[in-house]
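Just below is one structure, and these are the notes that go with it.
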Ligand code: ADP
Ligand code: TYD
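Numbering (our numbering), first residue to last: 886 to 1091.
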């Protein structure tokens, strides 16, 4: 087992994960910790190339099965090149989304492929987060926040509100399934209040 700590953020699009991951990273650095802030899909050169393939273009561009392979390939590269070396060096790795997103977006969105996701995960992904912070938010709010960003990476947001509703319920169920590592935080408050709750959960864990 590596020396560092691995923290992931999960939640629907626009729930505030990236904002909170950034605030947490800065706070932990200010407290004297060695921190690596990273994200999925991406976080290594190869995985960032896969990111463009999966997040841009037509919603029907890939089947859920093809996506599972692409996200898992990106994750494997991200682990090999970025996450595991940082954990071995004793750093705190903060990751904006990880395998729980695949369990939801590919495992649940277009039929029940959760078993396939979990099987591939077991075969290919040797490390899980020690702590997962789920930012919970009403999908209507999440989607309007996400759409306001106006980027080209909107393939999943373009699946619409019903997908986001399904993802929200799915994430809350996942938090019960993996209760030992999940902590759920209400994202419907201002950024500083949410950040204080996140820090509290992380400090208890550390
Ligand atoms: P995610 O990474 O979950 O998609 P972001 O952190 O990118 O979400 O936030 C989406 C948008 O909502 C951004 O424009 C961000 O500034 C804004 N935002 C984030 N957290 C809050 C909050 N607690 N209240 C209001 N707006 C927020
Ligand atoms: P992200 O950039 O975190 O989007 P957002 O800031 O809107 O939450 O992730 C981009 C999209 O990728 C998001 O809609 C969810 C999707 N995704 C998957 O479908 N499977 C995965 O395994 C991961 C990591 C992300």
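All C-beta atoms, glycine included, are put in the ideal place defined by N, C-alpha and C.
Counted within 10 angstroms of its Cβ, other Cβ atoms place residue i as buried (16 or more) or exposed
i	result
residue 1065	exposed
residue 1079	buried
residue 906	buried
residue 916	exposed
residue 1000	exposed
residue 1015	buried
residue 1011	exposed
residue 925	buried
residue 984	buried
residue 974	exposed
residue 944	exposed
residue 1027	buried
residue 957	buried
residue 996	exposed
residue 1049	buried
residue 913	buried
CB-CB length for residue i against residue j, believed under 8 Å
i	j	result
residue 1060	residue 1054	About 11 Å; that fails the 8 Å criterion.
residue 928	residue 967	5 Å
residue 932	residue 963	5 Å
residue 953	residue 991	5 Å
residue 1042	residue 1031	5 Å
residue 909	residue 1073	About 18 Å; that fails the 8 Å criterion.
residue 895	residue 1044	So it is not a contact: roughly 18 Å between Cβ atoms.
residue 889	residue 972	4 Å
residue 934	residue 998	Contact flag wrong, Cβ pair sits at about 24 Å.
residue 1017	residue 893	5 Å
residue 940	residue 947	Rounded, the Cβ-Cβ distance is 11 Å, inconsistent with contact.
Bridge partner(s) assigned by DSSP for residue i
i	result
residue 1019	895 and 1069
residue 890	977
Where the alpha helix (DSSP H) containing residue i begins and where it ends
i	result
residue 938	930-940
residue 981	Counting along the chain, residue 981 falls outside any alpha helix (DSSP H), though it belongs to the beta strand (DSSP E) covering 977-981.
residue 913	902-915
residue 922	Careful: residue 922 lies outside any alpha helix (DSSP H), inside the beta strand (DSSP E) at 920-924.
residue 1040	Here residue 1040 belongs to no alpha helix (DSSP H), and DSSP marks it neither H nor E.
residue 990	984-990
residue 1058	1046-1062
residue 1032	1024-1033
residue 1007	999-1009
residue 1077	1076-1090
residue 961	949-963
heavy atom of ligand 3 below 7 Å from residue i C-beta
i	result
residue 1079	Looking for ligand 3 in the displayed structure turns up nothing; the ligands present are ligand 1 and ligand 2.
Practice problem: State whether the stretch 907-927 contacts the stretch 973-986, with contact taken as three or more CB pairs (one from each stretch) at a distance under 8 Å. | Solution: yes
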